[in-house]
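A.B. asks: Chains as they are written, first to last, in the numbering used here: chain A, 1 to 302; chain B, 1001 to 1138. For each residue, glycine too, the CB sits at the ideal point set by N, CA and C. Here the structure is a predicted model, which means the values were calculated and not measured. Got a structure for you, written out below as structure tokens; questions coming shortly.
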């Protein structure tokens, strides 16, 4: 009880600190801490998969993309929040009123009970062989077309990053070499963390029905290895060319496997578990390649 | 005693993020505030049909008392889409900074108006604009 109240209070405090920060760097770090508290709050509501994804995104990839964006931006100071707030005081009053009303309606709405969809999904999960967790099985079976569009959206985002970044000469690594020489701690920490992250990421992709895991979370954790390795030993940009080919190939294979899955009616034909594992693995590789390419292009940006 | 719950905190966080979008004039701060709104929406959805005394869906043995896996699956999608959107936004911010050398919404708008691309659309009264320009040029 007390723990949950502390987590909620911390969420609100860090959200306010983030938008009221007086320096862009402070704001980025505060928003990263806010994301970690948010992942704890998801754990309170027993959503470990969402929690893992949020922790990976907010503590490694999201934060490092934000930091890389402002590294050329010399003036990181921000105008004081109070003065800006004074100019738009009416917005504060309006938002407070609407927020209060929404909270009142949310609290006074009676609970609707258990949804029919949850009953159906949990019953089929209890009856199945429990190869993957129910969340993964929703992503790859019940909402499989949604997942295809999600993967294609990630592909589009990667293509946008690839085509909109200006990597005149693929460098941008020199300043990190200096960091490496100054901080042997960083190098040791990454050396210790890489095998752990690799095992955890691979375990999440392969999936165990009683632990959180799936293609997205595993792919994100594996991409965190790329980030850590880059901080210690910057890559040349050439590596991304192969990775882009792999990503597109895996995406095509993923779509083909889903078409086969749907057309063969695999769930009823008894070949459901191998398909699940295959699609999970393809999704994991796809997400890993996508997030890594995004990061490497940001890092190579001149 | 009044207790905070996940739904209420989600709503409050959403409006804090919206306040940041409205008040802040730095484009990076807008990106961060949109990120806060994203997290708030995820938190609100995760609390649907779940409570701290429930069990996670993967270890549940009966339907009553097990957290609903459907919103969780939706929210994993949302988190991944959120990071993709953020990456594309940041690339656009970088390009904007390269072209105009500033990350201030109003300054970029002014520079674009000077170029003759679009007319300036200042919504504030002249007095507010004057106060703002004095403040920002400190």
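To which residues of the same chain is residue 81 of chain A closer than 6 angstroms at the C-beta, ignoring the five residues directly before and after it?
C.D. replies: Taking the first chain and counting its residues from 1, the one referred to as residue 81 of chain A is at position 81. Taken in chain order, the residues that qualify are 20.
A.B. asks: Tell me, please, whether the CB atom of residue 1109 of chain B is closer than 9 angstroms to any CB atom in chain A?
C.D. replies: Here the question's residue 1109 of chain B lines up with position 109 in the second chain. Not one chain A Cβ lies under 9 angstroms of residue 1109 of chain B.
A.B. asks: Using a Cβ-Cβ cutoff of 8 angstroms, what residues of the region 1076 to 1100 of chain B are near chain A? List them in chain order.
C.D. replies: Answer set for the region 1076 to 1100 of chain B: 1076, 1077, 1079, 1080, 1081, 1082, 1083, 1084, 1085, 1086, 1087, 1088, 1090, 1091, 1092, 1093, 1094, 1095, 1097, 1098.
A.B. asks: Below 8 angstroms, how does it come out for the region 187 to 205 of chain A and the region 241 to 260 of chain A: are there three or more Cβ pairs, yes or no?
C.D. replies: Not touching, per the Cβ criterion.
A.B. asks: Where does residue 300 of chain A land, buried or exposed, given buried means 16+ other C-beta within 10 angstroms?
C.D. replies: Taking the first residue of the first chain as position 1, residue 300 of chain A is located at position 300. The residue in question, residue 300 of chain A, is buried, as its Cβ has 16 or more Cβ neighbours within 10 Å.
A.B. asks: Could you check the C-alpha separation between residue 1007 of chain B and residue 52 of chain A for me, to the nearest Å?
C.D. replies: In the second chain, the residue the question calls residue 1007 of chain B occupies position 7. In the first chain, the residue the question calls residue 52 of chain A occupies position 52. Rounded to whole angstroms, residue 1007 of chain B to residue 52 of chain A spans 20 angstroms at the Cα level.
A.B. asks: Does residue 77 of chain A come out as helix, strand or coil in the three-state DSSP assignment?
C.D. replies: Position 77 of the first chain, counted from the start, is the residue given in the question as residue 77 of chain A. Residue 77 of chain A falls in the strand class under three-state DSSP.
A.B. asks: Buried or exposed: residue 1 of chain A, going by 16 or more other Cβ atoms within 10 Å of its Cβ?
C.D. replies: Numbered from 1 along the first chain, position 1 holds the residue referred to as residue 1 of chain A. So residue 1 of chain A counts as exposed.
A.B. asks: Verify the CB distance criterion: does residue 247 of chain A have a CB-CB separation below 9 angstroms to chain B?
C.D. replies: As a first step, residue 247 of chain A must be located in the first chain, where it is residue number 247. Judged by the 9 angstroms Cβ criterion, residue 247 of chain A is not in contact with chain B.
A.B. asks: Please check the pair residue 1046 of chain B and residue 50 of chain A, which I expect to be a contact at CB under 8 angstroms, by giving their CB distance rounded to whole angstroms.
C.D. replies: Here residue 1046 of chain B refers to the residue found at position 46 when the second chain is read from its first residue. Here residue 50 of chain A refers to the residue found at position 50 when the first chain is read from its first residue. Right, the Cβ-Cβ distance comes to about 6 angstroms (below 8 angstroms), so this counts as a contact.
A.B. asks: Among A/158, A/190, A/187, A/5, which has the Cα closest to the Cα of residue 244 of chain A?
C.D. replies: If you number the first chain from 1, residue 244 of chain A lands on position 244. With distances taken between Cα atoms, residue 244 of chain A lies closest to A/158.
A.B. asks: Identify every run of the beta strand (DSSP E) within the region 1046 to 1089 of chain B, keeping only runs that are complete inside it and at least 3 residues long; order them along the chain.
C.D. replies: Segments of the beta strand (DSSP E) lying fully in the region 1046 to 1089 of chain B: there are none.
A.B. asks: Taking 9 angstroms as the cut-off, decide whether the C-beta atoms of residue 1082 of chain B and residue 1031 of chain B are in contact.
C.D. replies: The residue given as residue 1082 of chain B occupies position 82 in the second chain. The residue given as residue 1031 of chain B occupies position 31 in the second chain. Contact flag unset, no.
A.B. asks: May I ask which residues mark the beginning and end of the alpha helix (DSSP H) holding residue 146 of chain A?
C.D. replies: As a working mapping, residue 146 of chain A is identified with position 146 in the first chain. Segment 144 to 164, the alpha helix (DSSP H) holding residue 146 of chain A.
A.B. asks: Quick one: grab the DSSP three-state call for residue 49 of chain A.
C.D. replies: As a first step, residue 49 of chain A must be located in the first chain, where it is residue number 49. Correct three-state label for residue 49 of chain A: helix.
A.B. asks: Quickly, what does DSSP pair residue 1104 of chain B with across the bridge? List them, please.
C.D. replies: Your numbering for residue 1104 of chain B matches position 104 in the second chain. B/1026.
A.B. asks: Run through the DSSP bridge pairs and tell me what residue 23 of chain A is partnered with.
C.D. replies: Stepping through the first chain from its first residue, residue 23 of chain A is reached at position 23. A/77.
A.B. asks: Is DSSP giving residue 1 of chain A helix, strand or coil here?
C.D. replies: Here the question's residue 1 of chain A lines up with position 1 in the first chain. Three-state DSSP puts residue 1 of chain A in coil, outside helix and strand.
A.B. asks: On the three-pair Cβ rule with 8 angstroms, is the region 11 to 30 of chain A touching the region 1024 to 1040 of chain B?
C.D. replies: Yes: at least three Cβ pairs fall under 8 angstroms.
A.B. asks: Roughly how many angstroms lie between the CA atoms of residue 118 of chain A and residue 1091 of chain B, to the nearest whole one?
C.D. replies: One-based indexing of the first chain puts residue 118 of chain A at position 118. One-based indexing of the second chain puts residue 1091 of chain B at position 91. Distance between the alpha carbons of residue 118 of chain A and residue 1091 of chain B is about 39 angstroms.
A.B. asks: Counting only C-beta atoms, is residue 1024 of chain B closer than 9 angstroms to chain A at any point?
C.D. replies: Taking the first residue of the second chain as position 1, residue 1024 of chain B is located at position 24. So, interface residue.
A.B. asks: Could you tell me whether any Cβ in chain B is nearer than 9 angstroms to the Cβ of residue 129 of chain A?
C.D. replies: Here residue 129 of chain A refers to the residue found at position 129 of the first chain. No - not a single Cβ of chain B is within 9 angstroms of the one on residue 129 of chain A.
A.B. asks: Are there 16 or more other CB atoms within 10 angstroms of the CB of residue 165 of chain A, so buried, or fewer, so exposed?
C.D. replies: Along the first chain, one-based indexing puts residue 165 of chain A at 165. The residue in question, residue 165 of chain A, is buried, as its Cβ has 16 or more Cβ neighbours within 10 Å.
A.B. asks: Beta-carbon within less than 7 angstroms of residue 1104 of chain B's beta-carbon, same chain only, minus the 5 sequence neighbours each way: which residues are those?
C.D. replies: One-based indexing of the second chain puts residue 1104 of chain B at position 104. These residues qualify, in order along the chain: 1025, 1026.
A.B. asks: Answer with yes or no whether the minimum CB distance from residue 1114 of chain B to chain A is below 9 angstroms.
C.D. replies: For the purposes of this step, residue 1114 of chain B is taken as the residue at position 114 of the second chain. With 9 angstroms as the cut-off, residue 1114 of chain B does not count as an interface residue toward chain A.
A.B. asks: Alpha carbon to alpha carbon, what distance is there between residue 1021 of chain B and residue 153 of chain A?
C.D. replies: Your numbering for residue 153 of chain A matches position 153 in the first chain. Your numbering for residue 1021 of chain B matches position 21 in the second chain. About 25 angstroms.
A.B. asks: Assign residue 123 of chain A to one of three DSSP states: helix, strand, or coil.
C.D. replies: To locate residue 123 of chain A, count along the first chain from 1; it is residue 123. In the structure shown, residue 123 of chain A sits in a helix (DSSP, three-state: H, G or I).
A.B. asks: Closest to residue 279 of chain A by CA distance: which of A/231, A/216, A/294, A/292 is it?
C.D. replies: Locating residue 279 of chain A in the first chain gives position 279, counting from the first residue. If we check each option's Cα against that of residue 279 of chain A, A/216 comes out closest.
A.B. asks: Residues of chain B with a CB under 7 angstroms from the CB of residue 99 of chain A: which are they?
C.D. replies: Start at 1 with the first residue of the first chain, and residue 99 of chain A comes out as number 99. What residue 99 of chain A touches in chain B: 1011, 1012, 1015.
A.B. asks: Residue 1042 of chain B versus chain A: which residues are under 8 angstroms apart at the beta carbon?
C.D. replies: Counting from 1 along the second chain, the entry for residue 1042 of chain B is found at position 42. Per Cβ cutoff of 8 angstroms: 38, 42, 50, 54.
A.B. asks: Would residue 1050 of chain B pass as a contact of residue 46 of chain A if the rule is Cβ separation under 9 angstroms?
C.D. replies: Along the second chain, one-based indexing puts residue 1050 of chain B at 50. Along the first chain, one-based indexing puts residue 46 of chain A at 46. Yes; because the gap between Cβ atoms is below 9 angstroms, this pair is in contact.
A.B. asks: If the cut is a Cβ gap below 8 angstroms, which residues of chain B does residue 115 of chain A touch?
C.D. replies: Taking the first residue of the first chain as 1, we reach residue 115 of chain A at position 115. Result: 1049, 1068, 1070.
A.B. asks: So residue 1013 of chain B packs on residue 1039 of chain B, CB below 8 angstroms; how close in whole Å?
C.D. replies: Position 13 of the second chain holds residue 1013 of chain B. Position 39 of the second chain holds residue 1039 of chain B. Their Cβ separation, rounded to whole angstroms, is 7 angstroms, which keeps residue 1013 of chain B and residue 1039 of chain B in contact under 8 angstroms.
A.B. asks: Which same chain residues end up closer than 6 angstroms to residue 44 of chain A when comparing Cβ atoms and leaving out the 5 residues on each side of it in sequence?
C.D. replies: Your numbering for residue 44 of chain A matches position 44 in the first chain. So the list reads 4, once near-sequence residues are dropped.
A.B. asks: Could you give the first and the last residue of the continuous alpha helix (DSSP H) run that contains residue 212 of chain A?
C.D. replies: Start at 1 with the first residue of the first chain, and residue 212 of chain A comes out as number 212. It is not in any alpha helix (DSSP H) - residue 212 of chain A carries neither H nor E in the DSSP assignment.
A.B. asks: Per DSSP, what kind of secondary structure is residue 62 of chain A in: helix, strand or coil?
C.D. replies: For the purposes of this step, residue 62 of chain A is taken as the residue at position 62 of the first chain. Residue 62 of chain A: helix per DSSP, three-state reduction.
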